[in-house]
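The structure appears right after this line, and notes come after that.
Structure below.
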């Protein structure tokens, strides 16, 4: 459209065509916990110099600072989640071991053959 209106060449170098891929919503913003984050590539029109050609660097500095803080918070959340999962795995293993010991005691104390067989089968289940 700008070419059709006869815009000067230096203006055409600054304002490029906008494609549909430039208009997609950045998933890092809408889906904070998704796998494979790390794309901070903005479309060209968000990286342009502002009026007076001096506001862009401050805006981009703010953008990268916010992205860094979000990435750090995401890292801390995942680090905490990893610690919790390690503890949960330990707790699950300990629970299975305790159940196995409990059924072993029941098998030893069983007087009837059917009860003993059932308890021994449970021991194998939790082993």
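Residue numbers (our numbering): 322 to 448.
Glycine residues also receive a C-beta, built at the ideal position from the N, C-alpha and C atoms.
Residue i, buried or exposed, once every other Cβ within 10 Å from all chains shown has been counted against 16
| i | result |
| --- | --- |
| residue 424 | buried |
Alpha-carbon spacing of residue i relative to residue j, whole angstroms
| i | j | result |
| --- | --- | --- |
| residue 386 | residue 334 | 29 Å |
| residue 426 | residue 414 | 19 Å |
| residue 329 | residue 338 | 15 Å |
| residue 378 | residue 389 | 16 Å |
| residue 372 | residue 394 | Only weak support exists for where residue 372 lies, its pLDDT of 48 falling under 50; the coordinates are left without a value. |
| residue 343 | residue 404 | 39 Å |
| residue 430 | residue 439 | 12 Å |
| residue 446 | residue 416 | 13 Å |
| residue 268 | residue 406 | Any property of residue 268 remains undetermined from this structure, which presents the chain solely from 322 to 448. |
| residue 401 | residue 408 | 11 Å |
| residue 391 | residue 410 | 28 Å |
| residue 398 | residue 380 | 27 Å |
| residue 432 | residue 412 | 32 Å |
Cβ-Cβ separation, residue j to residue i (assumed contact under 8 Å), whole Å
| i | j | result |
| --- | --- | --- |
| residue 428 | residue 444 | 6 Å |
Element boundaries [alpha helix (DSSP H), containing residue i]
| i | result |
| --- | --- |
| residue 432 | Premise fails: residue 432 is in no alpha helix (DSSP H) and is neither H nor E. |
| residue 332 | 330-335 |
Beta-carbon proximity of residue i to residue j, cut-off 8 Å
| i | j | result |
| --- | --- | --- |
| residue 421 | residue 442 | no |
| residue 336 | residue 323 | yes |
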